[in-house]
Amino acid sequence: MAGRYGEDVLAGNWRRRKAIPEVDAEPDLVVEDADSGFCGAVVGFESGAVVLEDRHGRRRNFPLLPAAFLLDGEPVTLRRPARAPVPAARRRTASGSVAVANVRAQVAKASRIWVEGVHDAALVERIWGDDLRIEGVVVEPLDGIDALDAEVRAFGPGPGRRLGVLVDHLVPGSKESRIVAQVTSPHVLVTGHPYVDVWQAVKPKALGIAAWPVVPPGRPWKEGVCAALGVAEPADMWRHILSRVDSFADVETPLINAMERLIDFVTEPA
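Residue numbers (the working numbering): 458 to 727.
So this is what it looks like as structure tokens:
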């Protein structure tokens, strides 16, 4: 009975058997298949097997079995490399700037940005609100700019109390340009866009129209737009306009440039 089962499987120093290392099958790693002797570089994977290519360009597939390959003459177990994690895309605000995570809005600074009305303020908030909260800059709507010079003097601008003003229809020779010329403080920047109203600074394609309607002189512009587009009330039209604005890509470049200048001006260190 002693020789019936051959060699004793527990004989010898079985506790010290050499561990077979695992190696990532990186591209261009040269290994040899232990059974066939085929030697080649790793060029990919197919159906769970590694693909080796020899120096003659011949390719063969080999299953990733334990101790199935030789690396520098030593047995190894090849394994498919873990995929590197894909970095998350940087989130951007509606203005196109990189969003800052886990940062609370700053306490409001003394500097301000004024706009001509509540519609302007709502559109600015929709696009630049995140940026302005990070900077601690408050946007305040005016009821027109007819008394702009007096209101600026009452505000009392200074080195640490800057003022930026966004004006509609700021074009040479306009009433708006004459009013703006009266403001001369170096701590105030007045800029604007050429559109009759901030509505018109929204791109027509964002609203699904070919172009903004042409309103005859002498007729209120907003009422004329509503009549041409078949909208009963300006309030309804404004809600529709604001709902179609998601980012800076939905408004015209002159408005973007004007707002970026104002934000830079009021946030510049004193």
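All C-beta atoms, glycine included, are put in the ideal place defined by N, C-alpha and C.
{"query": "Cβ-based neighbour list, residue 598, same chain, cut-off 8 Å, excluding 5 preceding and 5 following", "result": "571, 572, 573, 574, 575, 577, 578"}
{"query": "Among 617, 650, 664, the one whose alpha carbon lies nearest that of residue 714", "result": "650"}
{"query": "Residue from 605, 533, 500 with nearest C-alpha to residue 518", "result": "500"}
{"query": "Nonlocal neighbours in the same chain, by C-beta distance under 8 Å from residue 690, ignoring five residues either side", "result": "683"}
{"query": "Bridge partners - residue 498, DSSP secondary structure assignment", "result": "487, 510"}
{"query": "Per-residue DSSP class, three states only, for residue 633", "result": "helix"}
{"query": "Collapsed DSSP secondary structure at residue 432 in the structure displayed", "result": "The chain is shown from 458 up to 727; residue 432 falls before or after that span and cannot be answered."}
{"query": "For residue 572, the first and last residue of its enclosing beta strand (DSSP E)", "result": "569-572"}
{"query": "Terminal residues of the alpha helix (DSSP H) in which residue 710 lies", "result": "710-724"}
{"query": "CB of residue 646 within 8 Å of CB of residue 621, strictly", "result": "yes"}
{"query": "Reduced DSSP category for residue 581 - H, G, I as helix; E, B as strand; rest coil", "result": "helix"}
{"query": "Buried versus exposed, by CB contacts within 10 Å (16 or more), residue 460", "result": "Because residue 460 carries a pLDDT of 49, less than 50, the predicted location of this residue cannot be relied on, and no value is offered for it."}
{"query": "Per-residue burial, residue 635 [other beta carbons within 10 Å of its own, 16 or more giving buried]", "result": "exposed"}
{"query": "Contact check, residue 698 vs residue 659, beta carbons under 8 Å", "result": "yes"}
{"query": "Under the three-state DSSP convention, the category residue 522 falls into", "result": "coil"}
{"query": "Stretch-stretch touch, CB-based, cutoff 8 Å, three pairs: the segment 606-622 with the segment 579-586", "result": "no"}
{"query": "Of the listed residues 611, 688, 656, nearest to residue 640 (C-alpha basis)", "result": "611"}
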